[in-house]
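J.:
Residue numbers (this note's numbering): 136 to 432.
1) Is it the case that the Cβ atoms of residue 245 and residue 297 are separated by a distance below 8 angstroms?
2) Report yes if the CB atom of residue 276 is closer than 8 angstroms to the CB atom of residue 321, and no otherwise.
3) Beta-carbon separation of residue 314 and residue 355 under 8 angstroms?
4) Which word fits residue 390, buried or exposed, when buried means at least 16 other C-beta atoms lie within 10 angstroms of its C-beta?
5) Is the beta carbon of residue 369 sitting closer than 8 angstroms to the one on residue 307?
6) Quick check on the burial criterion: 16 or more other C-beta atoms within 10 angstroms. Buried or exposed for residue 340?
7) Residue 209 and residue 227 look like a contact to me (Cβ under 8 angstroms); what is the Cβ gap, rounded to whole Å?
8) DSSP has residue 297 in a bridge; who is on the other side?
9) Looking at the structure shown, is residue 336 part of a helix, part of a strand, or coil, going by DSSP?
10) Please list, in chain order, all residues of the same chain as residue 299 whose beta carbon is under 6 angstroms from its beta carbon, the five residues on each side excluded.
11) Span of the beta strand (DSSP E) holding residue 312?
12) Give the straight-line distance between the Cα atoms of residue 286 and residue 337, rounded to the nearest whole angstrom.
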């Protein structure tokens with residue numbers, strides 16, 4: 136295969152201008168520049184980044200009239216890249232992230248050039264002290280964040296997606312808005328025979344955060360968990376998956392308000408339409424299990 140053509144996509148709500156500038160400057164320092172950079176203003180206007188910063192490739196700004204959530208914003212970037220028709224791999228980066236090393240895009244290019252069935256590459260996310268939170272490691276349990284390999288999922292904050300895979304399995308589930316959209320996409324990719332690689336040498340520096348910082352976290356997290364199971368799992372596994380997560384939530388959460396919001400979202404997920412049902416095959420269940428994470432956990 137020839138060298139894949141790479142684009143970088145960043146979605147922002149306009150509330151982190153300094154962080155976005157620093158991220159784009161780190162992209163500009165890559166020893167293999169992206170062919171295109173797409174910046175999506177998720178319900179906000181955007182400054183003229185191309186004029187203010189010395190950026191490689193062609194820079195495209197997409198301003199959305201409303202905040203469509205992270206998956207909806209990323210779909211807007213994908214739509215614009217498809218209009219251009221000259222990109223093979225898109226690298227999505229959180230707007231408060233930072234590429235520490237100058238060879239990240241080169242490594243991404245080489246990984247995709249070497250494996251035509253590589254669909255998704257997940258980056259390692261580390262905070263300012265170089266520490267990776269366990270929830271950012273795409274394996275069950277207390278896993279070494281420095282151990283790479285094929286996995287069942289990836290992190291939304293820093294990753295790469297092959298455009299041909301997206302053309303086959305579909306884009307982000309925009310209706311999720313926030314939470315579990317990565318798992319929905321990952322399960323579809325694995326079911327279609329694409330591989331997901333966790334590559335810890337691809338480092339994205341990101342401030343240490345908790346997902347519960349978002350006001351809608353508990354409700355949307357539960358709702359999307361139900362939608363995910365209803366959309367993607369064989370019927371026999373739906374109650375198992377949801378039962379496991381009810382027990383885990385009760386064991387982990389000590390906040391009465393959080394639990395009320397979570398169970399409210401759970402009920403919403405049961406009552407509201409979940410979208411297209413396209414359950415994975417049983418051989419995909421087995422494949423995910425062999426990779427270390429059966430789709431009931």
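Built from N, CA and C at the ideal position, the CB exists for glycine as well.
T.: Working from what's here:
1) no
2) no
3) yes
4) exposed
5) Residue 369 places its beta carbon 8 angstroms or farther from that of residue 307.
6) By the Cβ neighbour-count rule, residue 340 is buried, with 16 or more other Cβ atoms within 10 Å of its own.
7) 6 angstroms
8) 224
9) strand
10) Around residue 299: no qualifying Cβ.
11) No beta strand (DSSP E) holds residue 312; DSSP gives it neither H nor E.
12) 15 angstroms
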